[in-house]
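Residue numbering for the sequence shown follows numbering that gives the first Met the number 0, beginning at 0 and increasing consecutively. Yeah, the Cβ is synthetic: ideal placement off N, Cα and C, and Gly gets one too. Since the structure is predicted, the reported quantities are computational estimates derived from the model, not experimental observations.
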Amino acid sequence: MSVFRLLRSTPRSEPVGDFMVTNDRTQPTVQVVQETTDRRWHVEECQREATQLTGIEACQCRGTRIQRNHIGWAILVWNRLKELAKTAQTTRSQLKQGFFDAYLRKELRHPTLKMVLA
Numbered sequence: 000m001s002v003f004r005l006l007r008s009t010p011r012s013e014p015v016g017d018f019m020v021t022n023d024r025t026q027p028t029v030q031v032v033q034e035t036t037d038r039r040w041h042v043e044e045c046q047r048e049a050t051q052l053t054g055i056e057a058c059q060c061r062g063t064r065i066q067r068n069h070i071g072w073a074i075l076v077w078n079r080l081k082e083l084a085k086t087a088q089t090t091r092s093q094l095k096q097g098f099f100d101a102y103l104r105k106e107l108r109h110p111t112l113k114m115v116l117a
């Protein structure tokens, strides 16, 4: 088993290290390790954004099939947000916030549920 640590400079004072563990007997080059680390970063970024934007972690489903369906739909929503954000040349978070802002303004102007005070 081999452990690699890639250091990269950041605006912070100390360098940040990424670790990669492999049981491959051939010694990969630094470029191969860097490409693998970059791919892992993209996967982590996608997972983090999907969690933050679609509410995957808020799923209260108990059954495994229902959980898989919920996660599948959440990922489809995330992909659609990604497409719309690219078209609108904005971030996914700003796009989602814009949807909520428009909905809230509409509800405040013309409420769909009337409040009855006794």
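> Using the C-alpha atoms, what's the distance from Trp-40 back to Thr-86?
Replying inline: Position 87 of the sequence shown, counted from the start, is the residue given in the question as residue 86. Position 41 of the sequence shown, counted from the start, is the residue given in the question as residue 40. About 24 angstroms.
Three-state class that DSSP yields for Leu-116 in the structure shown: Start at 1 with the first residue of the sequence shown, and residue 116 comes out as number 117. Coil at Leu-116, not helix or strand.
Check your understanding: Taking Leu-5 as the reference, which of Thr-35, Val-42, His-69 and His-109 has the closest Cα?
Key -> Numbered from 1 along the sequence shown, position 6 holds the residue referred to as residue 5. Of the candidates Thr-35, Val-42, His-69 and His-109, the one whose C-alpha sits nearest the C-alpha of Leu-5 is Thr-35.
Requested in this report: Please report the residue range of the alpha helix (DSSP H) in which Asn-68 lies.
Outcome: What you label residue 68 is simply residue 69 of the sequence shown in a count that begins at 1. Asn-68 -> alpha helix (DSSP H) spans 63–87.
> Which one of Pro-27, Thr-28, Asp-37 and Arg-104 has the shortest CA to CA distance from Asp-17?
Replying inline: Along the sequence shown, read from residue 1 onward, the residue named residue 17 stands at position 18. The shortest Cα separation from Asp-17 among Pro-27, Thr-28, Asp-37 and Arg-104 belongs to Asp-37.
- Task: Ignore the nearest five residues each way along the sequence and tell me which others in Ile-55's own chain have a CB closer than 7 angstroms to its CB.
- Result: Mapped onto the sequence shown, residue 55 falls at position 56. Excluding positions up to five away in sequence, the list reads Ala-49, Ile-70 and Ala-73.
Q.
Helix, strand or coil, according to DSSP, for Gly-54 in the structure here?
A. Position 55 of the sequence shown, counted from the start, is the residue given in the question as residue 54. In the structure shown, Gly-54 sits in coil (DSSP, three-state: anything other than H, G, I, E or B).
Q) In terms of DSSP beta bridges, what is Met-19 paired with? A) Taking the sequence shown and counting its residues from 1, one reaches residue 19 at position 20. In the DSSP output, where bridge partners are listed per residue, Met-19 has Phe-3.
Original post:
Cβ atoms of Val-32 and Met-19: under 7 angstroms apart, would you say?
Top reply: Against the sequence shown, residue 19 aligns to sequence position 20. Against the sequence shown, residue 32 aligns to sequence position 33. Against a cut-off of 7 angstroms, the Cβ pair of Val-32 and Met-19 comes out as a contact.
Excluding five sequence neighbours on each side, which residues of the same chain lie with their C-beta closer than 8 angstroms to the C-beta of Met-0?
-> On the sequence shown, position 1 is the one that residue 0 refers to. Val-20, Thr-21 and Asn-22.
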